[in-house]
Amino acid sequence: MPDCKTTMTILGMSGAGKTCYLLGMYYELSAGMRGYTITTNDDDDVHLKDLYNNLNDEKGPNRFPAGTDSSVSYQFQLRCNYKTLMDFNWVDYPGGYLDRKTQGNLDDYRRVERSILESSCLFVCIDGNLLCGKNTEKKIRDIRHKCGSIMNSFFASYMDKHGELPPTAFIITKYDKCCNDTDEEEISEIIEEAFNAFFHKPDKGHSIVAIIPVSIGMNIDEEEEDVLDPLNIQLPIFMGIYFALGDRIAVAVEDKERIKKEKKEKIEKEIEKLQEIINQENDMWWFLRDNDRRDRAAAKKNQLTTQNLSSTEISQLTDFIANKSKYLDKLRKEVRQINLVFVDGEKREDLTKIENRKG
Ligand SMILES: Nc1nc2c(ncn2[C@@H]2O[C@H](COP(=O)(O)OP(=O)(O)OP(=O)(O)O)[C@@H](O)[C@H]2O)c(=O)[nH]1
Ligand SMILES: [Mg+2]
Numbered sequence: 003m004p005d006c007k008t009t010m011t012i013l014g015m016s017g018a019g020k021t022c023y024l025l026g027m028y029y030e031l032s033a034g035m036r037g038y039t040i041t042t043n044d045d046d047d048v049h050l051k052d053l054y055n056n057l058n059d060e061k062g063p064n065r066f067p068a069g070t071d072s073s074v075s076y077q078f079q080l081r082c083n084y085k086t087l088m089d090f091n092w093v094d095y096p097g098g099y100l101d102r103k104t105q106g107n108l109d110d111y112r113r114v115e116r117s118i119l120e121s122s123c124l125f126v127c128i129d130g131n132l133l134c135g136k137n138t139e140k141k142i143r144d145i146r147h148k149c150g151s152i153m154n155s156f157f158a159s160y161m162d163k164h165g166e167l168p169p170t171a172f173i174i175t176k177y178d179k180c181c182n183d184t185d186e187e188e189i190s191e192i193i194e195e196a197f198n199a200f201f202h203k204p205d206k207g208h209s210i211v212a213i214i215p216v217s218i219g220m221n222i223d224e225e226e227e228d229v230l231d232p233l234n235i236q237l238p239i240f241m242g243i244y245f246a247l248g249d250r251i252a253v254a255v256e257d258k259e260r261i262k263k264e265k266k267e268k269i270e271k272e273i274e275k276l277q278e279i280i281n282q283e284n285d286m287w288w289f290l291r292d293n294d295r296r297d298r299a300a301a302k303k304n305q306l307t308t309q310n311l312s313s314t315e316i317s318q319l320t321d322f323i324a325n326k327s328k329y330l331d332k333l334r335k336e337v338r339q340i341n342l343v344f345v346d347g348e349k350r351e352d353l354t355k356i357e358n359r360k361g
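The number in the numbering used here is simply the position in the sequence shown, starting from 1, with 2 added.
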C-alpha cells in the first residue's frame, strides 16, 4: 500500500518569515477551513498555540517569535472532515543554516539539506521587504543576491538527485509590506529573472511554479495593529499536498496494474503447463493413458480459466485509489485559487490542468 507521507520544506534566509508562516498556517488550519484541519502531537500543538497566541495578545516587537536558534521537526496531518489526507514533515530551522560557510555547522546544514532533497514540493520564501520601492532592477538584484545565490546550490543538488525540480511555490512573505509597491506583473518578472531555471521546459516532466503572496496580518509589525489575519497562508500547503497525493494515487494505479499483470501471467503459465499434461495424456496409446491425471489437469485448467484476478492486495489498492481520488477532487478546488501559476515558463490559468505531469 503506498504510504501517505510527504515532506515539504520552506527555503528562506534568516528573518524572511519562515517561523511566522508556520504559525500563521497552524493558526488558520488548526481552527479548520472549509472542512480542512491540521493536527499534530499534543506537545507541538501546545507549543505552536503558545507562539501564535503571543502574536495575538502581545503588541509591538515582543509579539513575534525570537529568531529560530536550532531546527525543530514537526509532523502534521492534513485532514479533511477529520480524516487524514496525508501526513507531512516540516522543519523550522534558522535561515542561517542555509549558508553553511558563514555558520560552519555542517550537521545542521546537512539536516536541512536532507529535508530539502526529500521534499515533494518546495516553498521558496521571498521577503516582501525586498519588493518595496519602485526600482524593479534593484528588486531583482536584491533577490538574486539575498536568496538566489544561496538557494541555487540546493536546487542544483535536488536536480542531481531527482533529475528534475519539484513543484515549487515562491511565497512572497510579509506581502502587507509591499502590496502597494508591486503587482502581479512585476512579481512575475522578478521571480522569472531571479530563478530562471524554473521557467523552462525540463528534459522530462514539467516545471511547475506558483507565486503566492502571503501575510500573517496587515501591518502586523506596527504598534497599533493587534490581530493575526492570515492571507493565502493555506494555499502553499494545499498545493504541496495536492501534488504529493496525485503522485501517490499514480503509484497505486501502477502497482495495481503491475500486480494484475503478474497474476495474469502466472495463471497463463500454469494453464500452459496443464494443457501440456492434457496433450501428453491424449497423445498416449489408450492402454497407457492416465485418464485420472488428464482429468485432474483439465479440471484445474477449467478452474484457472474462470478465476478472476482479484486479491486482497488489489482490492486494498482499489479502495485506496477511490478514496484518495475523492479527496484529490475536493483539494483541486482549493488549488485553483492560486492564480499566478507557470508551467514550463508559460503563464497558466489553472495549476490542476497539467497533462501527463511526469511524462
Ligand atoms: N508585516 C509583517 N511582518 C512579518 C510577517 N511575517 C513575519 N514578519 C516579520 O518578520 C520577522 C521575522 O520573521 P520570522 O518568521 O521569525 O523569520 P524566520 O525566517 O523564521 O527567521 P530565522 O528564524 O532567523 O531563520 C518577524 O519578527 C516579524 O517582524 C508578516 O506577514 N507581515
Ligand atoms: Mg524562524
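The beta carbon of each residue, even a glycine, is placed where N, CA and C say it ideally should be.
On a predicted model such as this, the values are computed, not experimentally measured, just so you know.
- The set of residues with CB atoms less than 7 Å from any heavy atom of ligand 2 reads, in chain order, K20, T21, P67, G69, T70, D94, P96, G97.
- For the pair V114 and E348, the Cα-to-Cα distance works out to about 31 Å.
- A check of alpha carbon separations from D5 across D257, S217, H164 identifies D257 as the nearest.
- Within 10 angstroms of the beta-carbon of L24 lie 16 or more other beta-carbons, which makes it buried.
- By the neighbour-count definition (other C-beta atoms within 10 Å, threshold 16), P232 is a buried residue.
- Between the segment 122 to 138 and the segment 14 to 21, the count of Cβ pairs shorter than 8 Å is three or higher; the stretches touch.
- In the DSSP assignment, F201 falls outside any beta strand (DSSP E), carrying neither H nor E.
- By the neighbour-count definition (other C-beta atoms within 10 Å, threshold 16), V229 is an exposed residue.
- Beta-bridge pairing by DSSP links N91 to T9, Q77.
- Going by DSSP, K349 is part of no alpha helix (DSSP H) but of the beta strand (DSSP E) stretching over 348 to 350.
- Under the DSSP assignment, P238 falls in the alpha helix (DSSP H) whose first and last residues are 237 to 285.
- N182 and D44 have their C-alpha atoms spaced approximately 40 Å apart.
- Distance from I251 to F125 at the Cβ level is roughly 22 Å; contact not present, criterion being Cβ atoms closer than 8 Å.
- When distances are taken from the beta-carbon of I173 to the heavy atoms of ligand 1, even the shortest one reaches 6 Å or more.
- Annotation: the continuous beta strand (DSSP E) that includes L124 extends over 123 to 129.
- Check the Cα spacing between P169 and each of H147, R296, D162, M241: the tightest is with M241.
- With fewer than 16 other Cβ atoms from the protein chains shown falling within 10 Å of its own Cβ, D205 counts as exposed.
- Annotation for A324: the continuous alpha helix (DSSP H) segment containing it runs 314 to 337.
- Fully enclosed beta strand (DSSP E) runs of no fewer than 3 residues occupy 123 to 129, 170 to 175 of the segment 102 to 181, in order along the chain.
- When the beta-carbon positions are compared, S217 and D185 stay at least 7 Å from each other.
- Here DSSP, grouped into helix, strand and coil, assigns L233 to strand.
- Take the alpha-carbon of L167 and the one of M161: they are about 6 Å apart.
- For the pair M10 and C123, the Cα-to-Cα distance works out to about 5 Å.
- Looking at the backbone, the Cα of I222 and that of P63 are separated by about 10 Å.
- In this structure, the beta-carbon distance from E195 to I243 does not fall below 7 Å.
- Here M27 carries a helix assignment [DSSP, helix/strand/coil].
- Bounds of any alpha helix (DSSP H) do not take in Y38; it lies within the beta strand (DSSP E) bounded by 38 to 41.
- Contact check for I118 and F156: beta-carbon distance about 5 Å, within the 8 Å limit, so the pair qualifies.
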